[in-house]
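Take a look at the structure below.
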Amino acid sequence: MKRLLQISLDTLLISILPIIMWIILGFTITKEISNVFSLTYPLQFFYTIFVSLFAIGPNITSKKTNNQDVVYSNMVFGLLVVGLLTLILAINSNIYIQIMNMDVNTYHNFCIYSIIWMYLSFIMQMIMQKLYYDNKNNESNKINIIFNLTNFFSIIIFTSILKDVIGIIITLLIDFLIVCIVFIKYYKKTKFCLQIKQNIKYTSFNILRNLGMFLIYGIGFGNSFSFGEKYATAINFESLTTDTQWDMLYSVDTASKIDLAENKFNYKESLKNAYKLLSILIFTILIMNLTLYWYFKPDLTFLLIILAVQLIDMLIDPLKTLKMSYIQINDNNKKHNVFYLLSRIIRLMCSFIPSALCTYIGQIVSAIYLYIYSLIACRNVKLFKLRNNNK
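In the working numbering, the protein residues as written are 2 to 392.
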């Protein structure tokens with residue numbers, strides 16, 4: 002449970018501070034600025050695709066092959082490839098804003114800031130994953146605290162005192178300096194060894210999931226926002242009050258993959274710890290909804306529907322996540338990727354439904370589908386029979 006909480010702490014800082022930051026910037030600049038969170042929400046999945054490919058996958062491959070060259074080679078390659086993609090995305094930020102049916106003049110500067118900050122966070126995530134797999138969680142926590150708190154206070158202070166553009170530039174320069182220092186400290190020059198095929202093998206579910214989520218929310222939110230401010234406000238509100246908890250819940254997947262890579266996985270213990278964490282997360286969701294409702298004042302009926310979807314999905318998530326992690330690491334049958342891809346396709350197709358609820362319809366349908374599939378796929382695995390699991 003301690004390690005799960007340590008990994009969750011890193012995720013908490015990465016997730017909760019931007020949420021608080023956008024809320025505060027909404028107060029100090031203009032209320033609409035808080036919507037940048039939902040505007041760039043799909044892009045977090047874009048960057049997480051590369052975390053899986055260049056960070057999580059290489060660390061699992063490294064454990065399986067006892068070759069550290071894989072980790073450091075992918076760090077450099079990921080830094081260059083994702084850096085180029087970030088540059089292209091930043092240059093075309095206005096097109097992205099228009100696709101999301103939002104105002105370019107209002108969101109241009111902070112959209113670019115958000116894109117560049119996600120790239121810097123991606124670099125930090127490559128380093129954090131290395132520390133996780135080296136059992137250096139305390140170091141990871143300290144680095145994340147410094148990086149995220151510095152960004153948090155810098156953007157708020159400098160944009161409040163100076164012009165928005167100048168405040169953004171100063172903040173990003175400070176963030177860049179911290180990233181350079183940390184990268185230089187932990188990077189080791191090694192022989193070039195990517196092992197892309199193996200990296201994909203161990204993280205294909207993660208890659209498919211995040212690619213799907215990028216498309217789903219990119220299309221779905223653009224669709225939902227077109228129905229008017231009433232729905233956009235409710236969606237932004239619910240994203241603000243549940244996104245951090247979802248990010249923290251993904252630590253269950255991270256911890257289980259580490260255990261499976263090291264042959265130390267205990268389903269009963271992992272499930273118990275996952276629901277301990279989940280009980281805390283659901284409590285915070287309810288508190289945040291009650292606290293922030295009076296400021297945002299979203300449509301109550303629409304809000305309760307999407308909140309119910311989030312909670313139901315969360316309650317079944319540990320049950321399917323632990324089984325899917327096992328399948329990913331220990332079963333080479335490619336049919337699992339096909340069935341997992343089908344869940345993403347189903348959810349993506351729901352994004353085209355002419356309704357402000359389109360993404361949430363897809364979410365609940367996909368969650369139930371994966372839950373049933375994980376049960377069927379692992380029905381004969383003794384490890385998941387709780388009564389017989391005495392390891």
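Built from N, CA and C at the ideal position, the CB exists for glycine as well. Computed from a predicted model, the values in this text were never measured in an experiment.
Note to self: Just to check my reading of the structure: A91 and I61 have Cβ atoms closer than 8 Å, yes? What is that Cβ distance to the nearest angstrom?
What the structure shows: Not quite, the Cβ-Cβ distance comes to about 31 Å (not below 8 Å), so this is no contact.
Check: Per DSSP, what kind of secondary structure is L272 in: helix, strand or coil?
Finding: helix
Notebook entry, point to check: Candidates I98, Y120, D70, N68: which alpha carbon is nearest L81's?
Noted result: Y120
Check: Are the beta-carbon atoms belonging to S53 and N207 less than 8 Å from one another?
Finding: yes
Check: So what does DSSP say about I21, is it helix, strand or coil?
Finding: helix
Checklist line | Neighbour-count burial assignment, L26, 16 or more Cβ in a 10 Å radius | finding: buried
Next item on the list: Using three-state DSSP, classify C379 as helix, strand or coil.
Entry: coil
Next item on the list: In the DSSP assignment, find the unbroken alpha helix (DSSP H) run with K64 in it and report its ends.
Entry: 58-66
Next item on the list: Kindly give me the distance between the Cβ atoms of I307 and Y361, rounded to whole angstroms, as I take these residues to be in contact under 8 Å.
Entry: 5 Å
Check: Just how far apart, CA to CA, sit I21 and I354?
Finding: 32 Å
Checklist line | Length at least 3, wholly inside the segment 110-151: the beta strand (DSSP E) runs in chain order | finding: none
Next item on the list: Measure the beta-carbon distance from K189 to Y73 and round it to whole angstroms, keeping in mind my assumption that it falls under 8 Å.
Entry: 5 Å
Next item on the list: Output yes if chain B places a C-beta closer than 8 Å to the C-beta of K65; else output no.
Entry: In the displayed structure, chain B is absent; only one protein chain is listed.
Item checked: Three-way DSSP call (helix, strand, coil) for D176 in this model -> helix
Notebook entry, point to check: CB D254 to CB S326, shorter than 8 Å?
Noted result: yes
Next item on the list: Decide if E239 is buried, meaning its Cβ has at least 16 other Cβ atoms within 10 Å, or exposed.
Entry: buried
Next item on the list: In angstroms with no decimal places, state the Cα-to-Cα distance between K392 and D260.
Entry: Low local confidence applies: a pLDDT of 42 at K392 is under 50, so the model's placement there is unreliable, with the coordinate-based value given in what follows. Near 13 Å, if we compare the C-alpha coordinates of D260 and K392.
Notebook entry, point to check: In or out: V166 buried (at least 16 other Cβ within 10 Å) or exposed?
Noted result: exposed
Notebook entry, point to check: Which whole-angstrom value is the C-beta distance of A378 and I330, which I expect to be below 8 Å?
Noted result: Rounded, the Cβ-Cβ distance is 13 Å, inconsistent with contact.
Note to self: Can you find the residues in the same chain that come closer than 8 Å, C-beta to C-beta, to Y372, ignoring five residues on each side of it along the sequence?
What the structure shows: I317, L320, K321
Next item on the list: State yes or no: is the C-beta of A56 within less than 8 Å of the C-beta of M127?
Entry: yes
Next item on the list: Quick one: grab the DSSP three-state call for K202.
Entry: helix
Next item on the list: Helix, strand or coil for C194, going by three-state DSSP, please let me know.
Entry: coil
Margin query: Assuming the contact rule is C-beta atoms closer than 8 Å, D314 and I365 should be a hit. Round their C-beta distance to whole Å, please.
Written below: 6 Å
Next item on the list: Less than 8 Å between the CB atoms is what I'm expecting for F222 and Y42, so what's the real figure, rounded?
Entry: 7 Å
Note to self: Could you tell me the alpha carbon to alpha carbon distance between L342 and L209, rounded to whole angstroms?
What the structure shows: 6 Å
Next item on the list: Please determine, among Y296, R380, R348, the residue with the shortest C-alpha to C-alpha distance to K32.
Entry: Y296
Item checked: Close beta carbons around V71, own chain, < 6 Å, minus the five adjacent residues each side -> P59, T62, S63, C194, Q196
Item checked: Distance between beta carbons of N237 and N36, contact taken as under 8 Å -> 5 Å
Check: Going straight from the alpha carbon of T245 to that of P19, what length do you get?
Finding: 10 Å
Note to self: Can you tell me whether G229 is helix, strand or coil according to DSSP?
What the structure shows: coil
Check: Do the segment 75-89 and the segment 154-172 meet, that is, are 3 or more Cβ pairs less than 8 Å apart?
Finding: no
Check: So P319 is in the alpha helix (DSSP H); what residue range does that whole segment cover?
Finding: 301-331
Item checked: Candidates T29, F385, Y48, I17, of which the one nearest L216 by Cα -> Y48
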